[in-house]
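Inspection log for the structure reproduced underneath, given as structure tokens.
In my numbering, the protein residues as written are 3 to 211.
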């Protein structure tokens, strides 16, 4: 228990050091909360047996997030903080991982979309807002998910390296940010590997439309 507590304290320290709060990631996806459809009022005196379509159960996105063991590489173990469900009251989840040396961090944000057709516009909005987190180089295509795109550079204050992977899987937008020391960006194969694992978790865990 003492070791676990120490790791949590270390994770909190890393958050302050790299200035990466998961809340900051929330505001960079560029998405609006979808509004539920209005219910149809019942008509008095009507006794027909027409049934309405049952409401789909809400998806628990915290169960679809990767865990620390999924991203830990040999010699570079990560510790995760408790995941946050529905950040900013939007359907989805987010989580932050910090390595034990407190030199790297990975944050994952999942945001539910209205439908898969919303993916391209959601990706465009998310990419347009990246300037808040990274001074980017040219966006590079990624094999991860649908519309996978990687943007790498430095934080606006130059205190850390930042790589961001954006993609959609079904009706979900995923944003994965990799932070490191200045001049030490996340390796491209590490970014792809983490992204593919998260895409698979979404593909397997999301309900069939």
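All residues carry an ideal CB built from backbone N, CA and C; glycine is no exception.
Computed from a predicted structure; not experimentally measured.
Quiz item: For residue 163, which residues does DSSP report across the bridge?
Solution: In the chain shown, counting from the first residue as 1, residue 163 sits at position 161. Its beta-bridge partners are 156, 182.
Practice problem: Mind checking which residues open and close the alpha helix (DSSP H) that includes residue 94? | Solution: Start at 1 with the first residue of the chain shown, and residue 94 comes out as number 92. No alpha helix (DSSP H) contains residue 94, which is instead part of the beta strand (DSSP E) from 94-101.
Self-check item: alpha helix (DSSP H) segment containing residue 123, residue limits
Solution: What you label residue 123 is simply residue 121 of the chain shown in a count that begins at 1. Where residue 123 is concerned, the enclosing alpha helix (DSSP H) stretches over 121-130.
Quiz item: How is the beta strand (DSSP E) around residue 114 delimited, first residue to last?
Solution: Stepping through the chain shown from its first residue, residue 114 is reached at position 112. Here the beta strand (DSSP E) through residue 114 covers 107-114.
Quiz item: Mind checking whether residue 181 and residue 199 have CB atoms under 8 angstroms apart?
Solution: Indexing the chain shown from 1 puts residue 181 at position 179. Indexing the chain shown from 1 puts residue 199 at position 197. No, the pair does not count as a contact, with Cβ atoms beyond the cut-off.
Self-check item: residue 82, enclosing beta strand (DSSP E) - first and last residue
Solution: What you label residue 82 is simply residue 80 of the chain shown in a count that begins at 1. Segment 80-82, the beta strand (DSSP E) holding residue 82.
Quiz item: In this structure, does DSSP put residue 149 in helix, strand or coil?
Solution: Stepping through the chain shown from its first residue, residue 149 is reached at position 147. Note: residue 149 maps to strand in three-state DSSP.
Quiz item: If you pair each beta-carbon of the stretch 176-190 with each one of the stretch 105-116, do three or more pairs fall below 8 angstroms?
Solution: yes
Quiz item: What is the rounded straight-line gap between the Cα of residue 78 and the Cα of residue 119?
Solution: The residue you call residue 78 lines up with position 76 of the chain shown. The residue you call residue 119 lines up with position 117 of the chain shown. Approximately 38 angstroms, taken between the alpha carbons.
Exercise. Counting only the same chain and skipping the five closest in sequence on each side, list residues whose C-beta sits under 7 angstroms from that of residue 183.
Key: Reading the chain shown from its first residue, position 181 is the one you call residue 183. Excluding sequence neighbours, residue 183 sits near 105, 162, 163.
Practice problem: Check the DSSP bridge columns for residue 174 and list the partner residues they point to. | Solution: Your numbering for residue 174 matches position 172 in the chain shown. For residue 174, which the question treats as bridged, DSSP gives the partners 114, 171.
Quiz item: From this set, 115, 150, 107, which residue's C-alpha is nearest residue 186's C-alpha?
Solution: The count along the chain shown starts at 1 and reaches residue 186 at position 184. Nearest C-alpha to residue 186: 107.
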